[in-house]
Amino acid sequence: MERSLDSLAGMAASAFGTGSYAAMRQATSPKTLLEYLINFFTCGGIRRRNEKQYQELIETMAETLKSVMPDRGAPLPESLILDDIDGCRVEFSLPGDNNETGHVIVRVSKGGHSEMREISTDCFEIVCRALLFRCEFSLPLEATILTPLGGLYLKDAILTGVNLTEENLCGADLSGANLEGAILFMADCEGANLKGANLSGASLGDCNFTNACLEDSILCGATLDRANLTGASLQRASLLACSMIECNCSGANMERANLSGATLIRADMSDVTLKGTTMVATDMEGAILTRANLQKASFTSTNFAGADLSQANLKNTSFKDCTLIHSRTEEARMSTSTQTLFNEFYSEDF
1 MERSLDSLAG
11 MAASAFGTGS
21 YAAMRQATSP
31 KTLLEYLINF
41 FTCGGIRRRN
51 EKQYQELIET
61 MAETLKSVMP
71 DRGAPLPESL
81 ILDDIDGCRV
91 EFSLPGDNNE
101 TGHVIVRVSK
111 GGHSEMREIS
121 TDCFEIVCRA
131 LLFRCEFSLP
141 LEATILTPLG
151 GLYLKDAILT
161 GVNLTEENLC
171 GADLSGANLE
181 GAILFMADCE
191 GANLKGANLS
201 GASLGDCNFT
211 NACLEDSILC
221 GATLDRANLT
231 GASLQRASLL
241 ACSMIECNCS
251 GANMERANLS
261 GATLIRADMS
271 DVTLKGTTMV
281 ATDMEGAILT
291 RANLQKASFT
301 STNFAGADLS
311 QANLKNTSFK
321 DCTLIHSRTE
331 EARMSTSTQT
341 LFNEFYSEDF
């Protein structure tokens with residue numbers, strides 16, 4: 001069964017106007033009663049054919065972009081043509097002298113017939129640069145290009161040691177990705193999903209992780225100096241021997257994270273959740289922990305010199321061989337056992 005020009009135009013508009021998994025599923029589903037019947041009796045044959053064509057569109061677009069653009073930062077050309085997609089010509093006309101609509105016009109033609117669609121210029125450009133990103137770092141060209149939020153879809157991507165300095169990764173899905181030793185200096189990862197990602201030894205200085213998900217991630221030996229982790233989720237994250245000097249972790253959730261050996265000098269950890277967290281030989285000199293939840297956390301040989309623990313929740317918190325000289329604990333909430341510990345061993349430090 002030959003695919004109609006209208007159907008192919010819709011597929012191209014979905015792939016390069018949205019780029020999400022949901023858009024792919026919608027574009028490759030059977031459309032007519034006949035297609036539904038054939039799809040049923042061929043155990044999904046129509047969908048498999050459509051998905052193959054969808055993938056062909058993406059791969060052909062990637063090759064075309066590579067051939068006309070010197071790098072992914074270059075301006076997109078005013079016209080991109082994909083020849084012989086199921087015997088059809090697919091042309092993308094960007095706003096310019098020949099297109100005053102403000103949108104990208106998709107024209108699918110065969111013989112003397114053609115069908116047109118309009119798609120968002122902004123989204124088209126994001127999809128194209130996402131494809132070039134995958135080509136640059138030798139990542140497989142998958143049918144899902146963007147997340148529902150419009151970020152790069154890079155789930156389980158292998159990006160070890162790559163240089164992503166100042167990269168825009170807002171809303172990206174990097175869950176399960178391997179970024180060991182990668183350089184993300186000043187990268188914007190706001191709202192990104194990095195759950196279970198490996199960032200061991202990565203350079204993350206001045207990186208923006210506002211509201212990002214870093215649950216179960218591995219950041220052993222990573223550098224996060226002056227990074228912004230405001231509102232980030234770091235539950236069960238491994239931050240062993242991390243450098244987090246002057247890092248902003250305000251409002252972050254670090255419940256049951258491991259920060260042993262980490263350096264958090266002058267870090268802003270106000271309103272942070274450190275419930276059940278383990279810290280051994282951690283340096284928190286001058287850190288701001290006002291209103292932080294340290295309930296049931298365990299601190300051994302941790303340096304709190306000059307730290308501000310005022311209004312913090314210290315109920316059932318364990319302190320062993322810690323340094324608390326010149327630290328502040330005004331209005332901190334303590335269990336009887338913690339209060340007794342402070343009175344007996346640390347009263348002269350305040």
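Quick note on this note's numbering: the sequence shown kicks off at 1 and runs consecutively.
Ideal placement from N, C-alpha and C gives every residue a C-beta, glycine not left out.
Since this is a predicted model, take the numbers as computed values, not measurements.
Which residues in the same chain as Met1 place their Cβ atom closer than 6 Å to its Cβ, once the five residues preceding and following it in sequence are excluded?
Note that Met1 scores 44 on pLDDT, short of 50, meaning its location in the model is unreliable; the coordinates nonetheless yield the value given after this. So no residue of the chain qualifies.
Nearest-angstrom Cα distance between Ile119 and Val104?
5 Å
Whose C-alpha, out of Thr160, Ala241, Arg266, is nearest the C-alpha of Thr278?
Ala241
So Phe124 is in the alpha helix (DSSP H); what residue range does that whole segment cover?
121-136
7 Å CB neighbourhood of Asp321 in its chain, flanking five on each side removed:
Thr300, Ser301
By how many angstroms is the C-alpha of Gly171 removed from the C-alpha of Ser260?
29 Å
In whole angstroms, what separates the C-alpha of Glu56 from that of Asp97?
30 Å
Counted within 10 angstroms of its Cβ, other Cβ atoms place Ala12 as buried (16 or more) or exposed:
buried
Since I believe Thr223 is in contact with Leu417 (beta carbons under 8 Å), could you give me their beta-carbon distance rounded to a whole number of angstroms?
Nothing can be reported for residue 417, as the shown portion of the chain is limited to 1 through 350.
Quick one: is Leu179 near chain D, going by C-beta distance under 8 Å?
This model lacks chain D altogether; it includes just one protein chain.
CA-to-CA distance, Gln339 to Glu136, given in whole angstroms:
57 Å
Taking Cβ positions, are Gln414 and Ser7 nearer each other than 8 Å?
A query on residue 414 cannot be resolved here, the shown segment of the chain reaching from 1 to 350 and no further.
Expressed to the nearest angstrom, what Euclidean distance is found between the alpha-carbon atoms of Tyr54 and Ser20?
12 Å
Are there three or more Cβ pairs, one per stretch, closer than 8 Å when the region 122-134 is compared with the region 107-114?
no
From this set, Phe304, Asn258, Leu5, Asp268, which residue's C-alpha is nearest Cys247's C-alpha?
Asp268
Below 7 Å CB to CB, which residues in the same chain sit around Gln311 once its five sequence neighbours on both sides are set aside?
Thr290, Arg291, Glu331, Ala332
Under the three-state reduction of DSSP, which class applies to Ser29: helix, strand or coil?
coil
Cβ-based neighbour list, Ser233, same chain, cut-off 6 Å, excluding 5 preceding and 5 following
Cys213, Glu215, Asn253
Simplified DSSP state of Leu82, which is helix, strand or coil:
strand
Met284, enclosing beta strand (DSSP E) - first and last residue:
Per DSSP, Met284 belongs to no beta strand (DSSP E) and is neither H nor E.
Skipping 5 residues on each side, what residues in its chain have a beta carbon closer than 6 Å to that of Glu51?
Thr28
Give me the Cα-Cα distance between Ile58 and Met186, rounded to the nearest whole angstrom.
30 Å
Hey, out of Cys207, Gly176, Leu184, Asn211, whose CA is closest to Ile218's CA?
Gly176
Where are the beta strand (DSSP E) runs, 3 residues long or more, that stay fully inside the region 147-216, in chain order?
none
Leu146 and Leu139: beta carbons closer than 8 Å?
no
Who pairs with Lys52 in a beta bridge, going by DSSP?
Answer by DSSP bridge pairing: none, since Lys52 is not bridged.
Who are the Cβ neighbours of Ala22 in its own chain at under 8 Å, not counting the five residues just before and after it?
Pro148
In the DSSP assignment, what residue or residues form a beta bridge with Asp268?
Asn248, Ile288
Cα separation between Asn258 and Ala281?
11 Å
In this structure, what does DSSP give as the bridge partners for Lys320?
Thr300
Best match in Ala202, Thr273, Leu264 for proximity to Gln235 [C-alpha to C-alpha]
Thr273
How long is the line joining the alpha carbons of Ala182 and Met24, rounded to whole angstroms?
31 Å
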